Every structure is written in structure tokens, then in C-alpha cells.
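Taking this note's numbering, the leading residue of the sequence shown gets 20, the next gets one more, and so forth. Glycine is no exception: its CB is placed at the ideal position from the N, C-alpha and C atoms. Values in this document were obtained by computation on a predicted structure and should not be read as measured data.
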Amino acid sequence: MKLLRFGPVGQEKPGILDKDGNVRDLSGKAADFAGESVSLEALERIRGLDVAALPVVNEPGRIGCALASVPNFFCIGLNYALHAKESGMAEPAEPIIFSKASSALSGPFDPVIIPRSSVKGDWEVELGVVIGKPTLYVSEDDALDHVAAYCTINDVSEREFQIERQGQWIKGKSAPTFGPVGPYLVTADEIPDPQSLRVSLDLNGETVQDSNTSDMIFNVRQIISRMSQFMQLMPGDIIATGTPSGVGMGMKPQRFLKPGDVMEVEVEGLGRQRQEAVAAQ
């Protein structure tokens, strides 16, 4: 299934794409997508619906963030071999885990707002993983059984905030609109191998990131299993699994976002995003 949210900011409704690509309205049949409403059990109830009997939304308008809210927005740093190399850092021996503020969530086609004091805004295409049931001490063999869905994420970053302003990476990851998610959630049954997906990002029509999830240092199974040794993951938690090479920080000379820049962000099979960078008011 491909699940999405449509409508103006703050008024989004849950929907589903039918086999012909039409948006069908799930209002009254499913709760807005967040927490337990994207649990494996909740998705199974949606799967049991007669999609053809749901109302067609002829003009869905704005496509919103695929998740209304998240219990936790986790990220994995330096998780692609070539990205670690371009960053001048050694490959980590353990997954680097950090968080984005949940207030960074944004729609896949909404503008990305460059913060007032920003000088090093950057882009990061990432495979997103949505957890579908409580996950604690899970083995690698069983880890994918805990995944509800996958999605495209742009882990927008501000490198000065992240690296030069001391403290934790969350400072450079959490400005409003720094977490575009969507355009839809693709249920796990449609992605049999999350380690064979092309990930790409175009900046102003130029492809700057073009890789495959096979380049991950820690795969999705390992990420979930290892995280679950330290914390209990909950339904609706989202994990951005790292970005490949081609970020602005790694370019020579470095290149950072400016107002008017357009990012087009895609993970194979999970949909394409488009955001224009704008200056904060």
C-alpha cells in the first residue's frame, strides 16, 4: 500500500493510492497517520478495506508530510562508505545515532526555510524506516518484521550549527521544514529488499547525489537491531538511515543552499520530493 496525507497545513486527511494512482479518502476509515495508527495492526485493518469503494479525491491539492507526528525522529550518521570518505572521517564501528526535533517534519513539496543565521544549509537524501510495533532487544534476523513502511526523507542540515556551534548534531538538524517526509508511506511488503534501492538528489536540475542503499555501512536490519539494544522503538518512530556522498559539505569548493535553490529528492519505489529553499522571514 501507498499511504499519504493531503490537504492544507494542519488540515490534512489520510489517503491511499489505488491501483490506478488515484487518491482515495480514508477519512472515517483510518486515523491520521501517527503512532499507533501506523502500527502493523492498524495497517492490516487498512489492508482489509475495499479501496475501490472509498471516495476518489479528484483534486487532492497539497500533499502533506506522510506522518502527522512522530514519537521519535531518529537519524543515523555517516552510514554510507563514500559519504564517510568525502567527510574525511573514518567509517564508524557502531551506528552513529542522533535525533531531529519532531517539529522539523514537513511536507515533501513544501518550501525548505533557511534559518535566519544560516550560512551552511545542506541536503541529504535518505531512506526512511517507520517502526510498526514495540521493538526491544530484537535480533537482526527478526528486525525487518518490525518495519511498518519505508519512505523518502530529505535530512536537511545546517553544517555550522551541526559541527561548529558545539553540542550535539540535533542543533543543525532541527529547524522547521528540515524534515520533509513522503510523498507517501510504502508498506514494507512492497519493498522486499531495502538494501537495493537507488537514492538520488538533484539540485537545480543537476544530480549531486546518486547512490544505492547497498553502500550502507550498517544495513536496515543492523540499525534496528542495534538501536533496540539501547532503547525501545515504538510504532510511528521514524529512522532516517543515512545519506550517500554528494552533500554540499563534501564538495570542493563546498556548496550550500541559497534562496531559490530547488532540491528534487528520490528513493527508488518510494516517491520523489521537490522543495525550493526560501529565506526565513
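Check: Three-state secondary structure (DSSP) of D44; Outcome: strand
Check: Check whether I182 and V200 have beta carbons under 8 Å apart; Outcome: no
Check: C-alpha gap between F52 and A61, whole angstroms; Outcome: 10 Å
Check: Per DSSP, the bridge partner or partners of K32; Outcome: F25
Check: Contact test: D174 Cβ vs the ligand COA heavy atom, cutoff 7 Å; Outcome: Ligands displayed in this structure: none; no statement on the ligand COA is therefore possible.
Check: Residue span of the alpha helix (DSSP H) that contains L220, given as start and end; Outcome: Counting along the chain, L220 falls outside any alpha helix (DSSP H), though it belongs to the beta strand (DSSP E) covering 217 to 222.
Check: Beta strand (DSSP E) segments (min. 3 residues) lying fully within the region 58 to 141; Outcome: 92 to 96, 115 to 118, 131 to 133
Check: Spatial distance of V138 from R66 (CA atoms); Outcome: 46 Å
Check: Start and end residues, beta strand (DSSP E) containing S230; Outcome: 225 to 231
Check: Backbone secondary structure at V286 - three-state DSSP; Outcome: strand
Check: Helix, strand or coil at L252 [DSSP, three-state]; Outcome: strand
Check: Segment contact, 8 Å Cβ cut-off, at least three pairs: the region 233 to 251 with the region 185 to 192; Outcome: no
Check: Three-state secondary structure (DSSP) of Q292; Outcome: strand
Check: Cutoff 8 Å; reference A50; Cβ partners in own chain excluding five residues on either side; Outcome: P33, S56, A61
Check: A207 and A259 closer than 8 Å at C-beta; Outcome: no
Check: Unbroken beta strand (DSSP E) run spanning V166, endpoints; Outcome: 166 to 173
Check: At least three beta-carbon pairs within less than 8 Å, the region 146 to 165 to the region 99 to 109; Outcome: no
Check: Which listed residue (P111, L36, Q214) has its alpha carbon closest to that of L73; Outcome: L36
Check: Validate contact between the region 222 to 239 and the region 274 to 286 using beta carbons, cut 8 Å, 3 pairs; Outcome: yes
Check: E143 in three-state terms, based on DSSP; Outcome: coil
Check: Straight-line gap, A85 to L204 (C-alpha atoms, nearest Å); Outcome: 6 Å
Check: Candidates Q251, P195, S219, G267, of which the one nearest A298 by Cα; Outcome: P195
Check: From N41, V131, G40, residue whose alpha carbon lies closest to that of E143; Outcome: V131
Check: Beta bridge counterpart(s) of A299 as assigned by DSSP; Outcome: Its beta-bridge partners do not exist; DSSP assigns none.
Check: Host beta strand (DSSP E) of A259 (start-end); Outcome: 257 to 259
Check: Identity of the residue in S46, L59, K38, D44 nearest P254 by Cα; Outcome: L59
Check: Distance, P272 Cα to K152 Cα; Outcome: 44 Å
Check: Beta strand (DSSP E) segment containing V205, residue limits; Outcome: 204 to 206
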